[in-house]
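Taking it in order: structure first as structure tokens, then the write-up.
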Amino acid sequence: MANAVYKTVLLDSLPAQVQSVRSVWILRLALGLITLLGAAIFFLGVSWDIQWHHFIGRDRTLIPPHVMMLCGVTISGVVAMAAVLIETIWVRRSLSLAQRSTPFADFFHGPLGAYVAGFGALNAAIAFPLDAYWHALYGIDVAIWAPFHIMIIAGMGLASLGSAYMLLSAARLAARVEAHQAKRVGYTGVLAAFGTTLSILVILLADAPGRLGTIALPGITINVFPVLAGLLGTWTFVAIVYAVSWRWAATAVCGFSFLIVAVGSAMVPPAMDFLMSFEHLSFRAVIDKNADPHLPVVALGWPGTSLIIAAVLIDVCMLVARRKGWSRRTQIIMLSVVTLLGCVPITPIEPLMCLELWHTLGIGFLVSLLIGLLGTFAGAWLGRGMGEAIRGLER
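Numbers 63 to 457, taken from the numbering used here, label the letters of the sequence shown in order.
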């Protein structure tokens, strides 16, 4: 008799549980995509900002590219906060949802990705006025490797990564209630979010092949591009192949990265021309007299061009590893080695940059590649750990 009553109560409560799970994945899918949109807007704003500073300069703080960047930061931050507040209210009304959320400070509940995205957006928002103050004190600099430039870019890279967490959680929950179309949308969003994260963080590699990334040691000069590109590329691609079991996931991430760069290259020159005429501005004199202000600076000098090689090799390596049952150690070693082939400096406008660097550094270039193995190994280790960890989050 007791068993019959228990089964009846369980069956009666099942539709409500399915409905609650459905509400959660719909919320996370929608807000995760909007958070991703904010990160993409930020990247387009950065592409525009680099073009603006290169050919016009900086005449005031709130120039249009900065406004666009701040819009992206605001969208990601506000939406992440909304996700936490909404799920906190839901958990208080239905304690069964608590097991599908991440608590914070014994009060808030929400997807882990919302905390990550909110923290990243907050970092970027704090860094913006500090960067304006930095320029007021020390003048205008166009280097990406300025303290608060790094803080802004890293913050929004983290916000984009948070959207990937939210979308992956939504895809897992959708799979539980057999919402297959939503599951596919969620996983596709995860690939796009990792691609956007890669695009944002690759901007930090722009200064690496040049003077700022060159270190003169006694008897030898090395460059930090291989180790930085190896760390970033391997971490991103290995994390996605372990988080999403789709074939060619790493290549798809790199494809999304190239797509958003292409969108920026199509948007920035017309936007520059429009504002030039609208605000009656003129191009400033640049060092390179052959530079054309109507060509996209970021796309032509994209430092992540060679990462497509790393992405394809990682996908192929993972296919072989799963087929032959490689051990964890073998996977890490092989992924570290093959990824190094895609961590040489190549850009669309300078496809032979790696040969020029080899000619400049000599044996130091080979030493730089060997040091790059440290970056690829660390990236493979971190990527595998993160990919395996987020697979089981908030199902």
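Glycine included, each C-beta is placed from N, C-alpha and C at the ideal position.
A direct Cα-to-Cα measurement between Ala-312 and Leu-199 gives close to 43 Å. Three or more Cβ pairs closer than 8 Å define a contact, and the stretch 303-319 meets that threshold against the stretch 445-452. Looking at the backbone, the Cα of Leu-230 and that of Gly-248 are separated by about 6 Å. When only Cα atoms are considered, Met-213 and Val-129 end up about 17 Å apart. Secondary structure at Pro-165: strand, using DSSP grouped into helix, strand and coil.
Secondary structure of Ala-92 (DSSP, three-state): helix. CA-CA distance, Val-360 to Asp-335, rounds to 17 Å.
Around the beta carbon of Leu-93, 16 or more other beta carbons lie within 10 angstroms, which makes this residue buried.
Rounded to the nearest angstrom, the gap between the Cα atoms of Thr-164 and Pro-288 is 37 Å.
Secondary structure at Ile-125: coil, using DSSP grouped into helix, strand and coil.
The distance from the Cβ of Asp-269 to that of Ala-205 is about 6 Å, consistent with a contact at the 8 Å cut-off.
In the DSSP assignment, Gly-363 falls outside any beta strand (DSSP E) and carries neither an H nor an E. Distance between Val-108 and Ala-176, taken at the CA atoms: about 23 Å. Boundaries of the alpha helix (DSSP H) around Ile-212: 209-238. The residues Thr-164, Tyr-227, Leu-455 and Glu-456, in chain order, have a CB closer than 7 Å to that of Leu-174 in the same chain once the five nearest residues on each side in sequence are set aside. The Cβ atoms of Thr-367 and Pro-410 lie closer than 8 Å to each other.
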